[in-house]
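Per the numbering used here, residue 155 is the first one in the sequence shown, and the count goes up by one each step.
C-beta atoms are modelled at their ideal positions from N, C-alpha and C, and glycine is treated no differently.
Bear in mind the structure is a predicted one, so any value in this text is a computation, not a measurement.
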Amino acid sequence: MPRALTLDAREMAPPEPLQRATEILHQLAPGTYLHMLHRRIPYPLLDTAQGLSLKSQVIESGEADYTIIIFDPADRLALQAAGVL
Numbered sequence: 155m156p157r158a159l160t161l162d163a164r165e166m167a168p169p170e171p172l173q174r175a176t177e178i179l180h181q182l183a184p185g186t187y188l189h190m191l192h193r194r195i196p197y198p199l200l201d202t203a204q205g206l207s208l209k210s211q212v213i214e215s216g217e218a219d220y221t222i223i224i225f226d227p228a229d230r231l232a233l234q235a236a237g238v239l
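Here it is in structure tokens:
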């Protein structure tokens, strides 16, 4: 199963969430994924992920509470099997 790199950005002030998440994206390799908790949808981060040929999924967990999963496309089936996606 792919390994999560978790970032809880719900209490961080901008631009720290984007900076820290971008650092993680540049380190992602097959078998790892970013699991980010945020109070809004980080559209610039999703654009960065797309530019790096990564896939993303945003899950709304409640009002102002989002889970963002960013992963290598090769890991999609493993993440689905694990119930992450």
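Would you give the residue range spanned by the alpha helix (DSSP H) that Asp201 belongs to? Counting along the chain, the alpha helix (DSSP H) containing Asp201 begins and ends at 197-205.
In three-state DSSP terms, what is Glu217? It is coil, neither helix nor strand.
Nearest-angstrom Cα distance between Ala232 and Met155? About 6 Å.
What residue from Gly185, Leu161, Ala183 has the CA that sits closest to Leu199's CA? When each option's Cα is compared against that of Leu199, the closest is Leu161.
Classify Leu206 as buried or exposed, calling it buried when 16 or more other Cβ atoms lie within 10 Å of its own Cβ. By the neighbour-count rule (16 or more Cβ atoms within 10 Å), Leu206 is not buried but exposed.
How would you call Thr222, buried or exposed, if buried means at least 16 neighbouring beta carbons within 10 angstroms? The question names Thr, but residue 222 is Ile in the sequence shown. Residue burial annotation: Ile222 is buried, with at least 16 other C-beta atoms found within 10 angstroms of its C-beta.
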